[in-house]
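Novice: Numbering (our numbering), first residue to last: 29 to 265.
Ideal Cβ positions, reconstructed from N, Cα and C, are used throughout, including at glycine.
Below are the structure tokens for one structure; questions will follow.
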């Protein structure tokens with residue numbers, strides 16, 4: 029064989045291995061594409077295409093919205109009522125406690141102010157006296173209940189205000205108005221309570237000791253005549 033044909037198998041195998049190693053191509057990793065960048069690029073290319081915006085459902089049921097609205101309205105009404113009450117109290121305080129008028133600046137105004145204060149003090153004293161009489165005659169419990177009822181409900185009635193204004197014993201009149209209101213609201217219950225109170229009062233006034241029998245029964249129809257001294261001794265015994 030010639031020199032060109034003198035090729036060993038080892039040489040051939042090594043050549044094939046080298047060629048295989050050379051032809052191997054390593055794939056480079058593809059860059060990750062962000063979806064948001066693609067959408068932004070599309071929007072720039074075509075302005076009519078708007079990017080999708082993810083939204084979450086935030087609507088509440090209609091019933092819940094109505095309940096929340098009602099609660100808010102009720103809170104506003106309550107706040108307004110409280111504000112009106114505070115304004116009214118401030119006006120009353122201003123009326124009850126006016127600024128002092130200087131006698132040197134307004135002598136007539138000063139005299140009128142002092143007279144108003146005297147009248148107010150006199151009225152308060154008469155009210156306290158009327159309350160003391162009512163407690164003595166009717167009991168502290170019923171007077172307290174009547175006074176609270178008038179402060180909460182009674183003073184809303186012009187009729188009740190007119191009656192108390194004309195009454196000489198104002199707290200007695202308040203108790204009368206309170207009792208009339210109780211009868212109107214619960215006639216049977218009021219009568220039952222009144223009966224129980226009367227029975228308790230009667231029992232408390234019953235004498236503890238038995239009633240002493242009549243002294244006339246000790247006198248004899250006949251017999252020996254007794255002197256005046258003996259008659260007195262007989263009565264005392």
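May I ask you to report which of helix, strand or coil DSSP gives residue 151?
Specialist: helix
Novice: For residue 52, is the classification buried or exposed, using 16 other Cβ atoms within 10 angstroms of its Cβ as the cut-off for buried?
Specialist: Residue placement at residue 52 is flagged as unreliable, the pLDDT there being 47, under the threshold of 50; the coordinate-derived value follows with that caveat. Exposed, because fewer than 16 other Cβ atoms sit within 10 Å of the Cβ of residue 52.
Novice: Hey, residue 191 and residue 205: beta-carbon distance below 8 Å or not?
Specialist: yes
Novice: How about residue 202 and residue 224: do their beta carbons lie closer than 8 Å?
Specialist: no
Novice: Assign residue 162 to one of two classes, buried (16 or more other C-beta atoms within 10 Å of its C-beta) or exposed (fewer than that).
Specialist: buried
Novice: Can you tell me whether residue 159 is buried or exposed? The criterion is at least 16 other CB atoms within 10 Å of its CB, across all chains shown.
Specialist: buried
Novice: Once the 5 residues before and after residue 218 are set aside, which same chain residues still bring their CB inside 8 Å of it?
Specialist: 207, 210, 211
Novice: Are the beta-carbon atoms belonging to residue 171 and residue 199 less than 8 Å from one another?
Specialist: yes
Novice: Compute the Euclidean distance between the alpha carbons of residue 166 and residue 177, then round it to the nearest angstrom.
Specialist: 16 Å
Novice: Using a Cβ-Cβ cutoff of less than 7 Å, which residues in the same chain neighbour residue 112 once the five nearest sequence positions on both sides are dropped?
Specialist: none
Novice: Looking at the secondary structure, which residues open and close the alpha helix (DSSP H) in which residue 194 lies?
Specialist: 186-194
Novice: Rounded to a whole number of angstroms, what is the C-alpha to C-alpha distance between residue 156 and residue 120?
Specialist: 21 Å
Novice: Please report the straight-line C-alpha distance between residue 189 and residue 140, rounded to a whole angstrom.
Specialist: 26 Å
Novice: Using the C-alpha atoms, what's the distance from residue 230 back to residue 164?
Specialist: 18 Å
Novice: Please report how far the alpha carbon of residue 108 lies from the alpha carbon of residue 146, in whole angstroms.
Specialist: 36 Å
Novice: In this structure, how does DSSP classify residue 165 when only helix, strand and coil are distinguished?
Specialist: helix
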